[in-house]
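Protein chains: 2
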Amino acid sequence: MQKQETLSKNQKIILDLIEKSDQPLKAYSILFDVKKKGINAPLQVYRALDKLVEIGKIHKIESRNAFVACKNSNCQVSKATAFSICESCEDVTEVSNLKLSKYLNNFADKSGMKYNKYNLEFFGLCKNCKK
Amino acid sequence: MQKQETLSKNQKIILDLIEKSDQPLKAYSILFDVKKKGINAPLQVYRALDKLVEIGKIHKIESRNAFVACKNSNCQVSKATAFSICESCEDVTEVSNLKLSKYLNNFADKSGMKYNKYNLEFFGLCKNCKK
DNA sequence: TTAAATATGTTATATTATTACACAGCGTTA
DNA sequence: TAACGCTGTGTAATAATATAACATATTTAA
Ligand SMILES: [Zn+2]
Ligand SMILES: [Zn+2]
Ligand SMILES: [Zn+2]
Ligand SMILES: [Zn+2]
């Protein structure tokens, strides 16, 4: 169990919104949606997003500048993430595959650098878009 | 051999600059550098970057919004890319590992989605920064 | 040699993200 | 309890990244 109870007001509002969406949300679309809850400025959104990413509640889809809720018991606090992205409808799914994460967590190349984090984005066409 | 000879003037100028840099360059820093060569507007830079990415001469480091030259004979035209990124000095190296690329190119999860492209970014501390 | 495709140049604007500053609440500890 | 550190909030301004729209030029290929 993670410590969920410590989320602040803004963090809760924004996590709630992202969790209710089945697709990635962009920061300014989040801002638009939470204005009715009294969150008025980009920075308020970005601060909450930063924190939520840090604790693994959400992930940033880097190639899309958008945020999704973690579907994967908070992904070792966002240290090991993988997504599949449909290039047609922009549907994004978090990939949850133990073999893959094991493989990547243990990956070491000749540089001798030891990685403590990775992010992987797969692109293709989803079932629907493949026709 | 790829068809390099077909690069346009702006594309050549910008590829040349990126190839001479050992680290990722950002679009507006490229713009600043190529002003003396008569490239004056962001769009001119972004258009060249788009094309160079498309043909696999350069890659975009998504988590950094920056561009590096391909060190890897143009990575199947940018369809399969992996990088290691030092979170301290921001040094970026293209990972060239046949087993890894084979593994990821063949990866398929239960979604049934077949991927035609991926991008992987590893994060950690490089040798120097590990002290 | 015309038409399509690709590239250029320019202006304006949209989108994404951060800096800087003031202050509030809460738990620790001196 | 007072002082402090830490985390979060609110607000304004601005920086950094990227694209739209339009006009024109150049290259390629039928
Ligand atoms: Zn996750
Ligand atoms: Zn799709
Ligand atoms: Zn490459
Ligand atoms: Zn380093």
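Just so you know, the protein sequences line up as chains A and B, in that order.
Numbering-wise, my numbering puts 125 at position 130 of the first sequence, and it's gapless, one number per residue.
Numbering-wise, my numbering puts 44 at position 49 of the second sequence, and it's gapless, one number per residue.
Idealized CB from N, CA, C, for every residue including glycine.
If you're wondering where the values come from, they're calculated on a predicted model, not measured in any experiment.
*For Lys(-2)(B), which residues of its own chain have a beta-carbon under 7 Å away from its beta-carbon, when the five flanking residues on both sides are left out?*
Below a pLDDT of 50, predicted positions are generally treated as unreliable, and Lys(-2)(B), at 39, falls in that range; no measurement from the model is reported.
_Strand pairing of Phe62(A), partner residues [DSSP]_ = Leu20(A) and Lys55(A)
*asked:* My output table needs one value for Asn111(B): the three-state DSSP class, helix, strand or coil.
replied: strand
*Consult DSSP for Leu12(B) and reduce its assignment to one of helix, strand or coil.*
helix
*Closest residue to Ala77(A) among Ala22(A), Leu99(A) and Ala103(A) (Cα-Cα distance)*: Leu99(A)
*Kindly list, in the order they appear in chain A, the residues whose Cβ is closer than 8 Å to that of Ile57(B).*
What sits at residue 57(B) in the sequence shown is Glu, not Ile. Here the neighbours are Glu57, Ser58 and Glu116.
*Thinking C-alpha only, which one of Val90(A), Asp86(A), Glu82(A) and Ile80(A) is nearest Ser68(A)?*
Val90(A)
*Please report how far the alpha carbon of Asp45(A) lies from the alpha carbon of Lys122(A), in whole angstroms.*
32 Å
_Residues of chain B with CB closer than 9 Å to the CB of Val90(A), please, in chain order._
Phe102, Asp104 and Ser106
*By the criterion of Cβ-Cβ separation under 9 Å, what are the contact partners of Leu95(B) in chain A?*
Tyr98, Leu99, Phe102 and Asp104
*What separation, rounded to the nearest whole angstrom, lies between the Cα atoms of Leu2(B) and Tyr113(B)?*
25 Å
*asked:* Measuring straight from C-alpha to C-alpha, what distance separates Ile9(B) and Val40(B)?
replied: 8 Å
*Assign Lys52(A) to one of two classes, buried (16 or more other C-beta atoms within 10 Å of its C-beta) or exposed (fewer than that).*
buried
*Is DSSP giving Lys124(B) helix, strand or coil here?*
Contrary to the premise, residue 124(B) reads as Cys rather than Lys in this sequence. The answer is helix: DSSP assigns Cys124(B) an H, G or I state.
_Can you give me the C-alpha to C-alpha distance between Met(-4)(B) and Asn111(B), rounded to a whole angstrom?_
Residue placement at Met(-4)(B) is flagged as unreliable, the pLDDT there being 33, under the threshold of 50; the coordinate-derived value follows with that caveat. Distance between the alpha carbons of Met(-4)(B) and Asn111(B): 22 Å.
*Answer yes or no: the CB of Asn67(A) versus the heavy atoms of ligand 1, is any distance below 6 Å?*
yes
*For Ser79(B), return the contacting residues in chain A, with the cut-off set at a CB-CB distance below 8 Å.*
Asp104, Ser106, Met108 and Tyr110
_Residues of chain A with CB closer than 9 Å to the CB of Lys31(B), please, in chain order._
Chain A residues near Lys31(B): none, gap ~31 Å exceeds 9 Å.
*Give me the Cα-Cα distance between Ala103(B) and Ala64(B), rounded to the nearest whole angstrom.*
29 Å
*Within 10 angstroms of the Cβ of Cys81(B), are there 16 or more other Cβ atoms? Answer buried if so, exposed if not.*
buried
*asked:* Are there any heavy atoms of ligand 2 lying less than 6 Å away from the beta-carbon of Asp86(A), as far as the coordinates show?
replied: yes
*Compare the C-beta of Lys(-2)(B) with all C-beta atoms of chain A and state if any pair is closer than 7 Å.*
The predicted model places Lys(-2)(B) with a pLDDT of 39, which falls under 50 and marks its position as unreliable; any figure quoted below should be read in that light. No, Lys(-2)(B) does not count as interfacial toward chain A.
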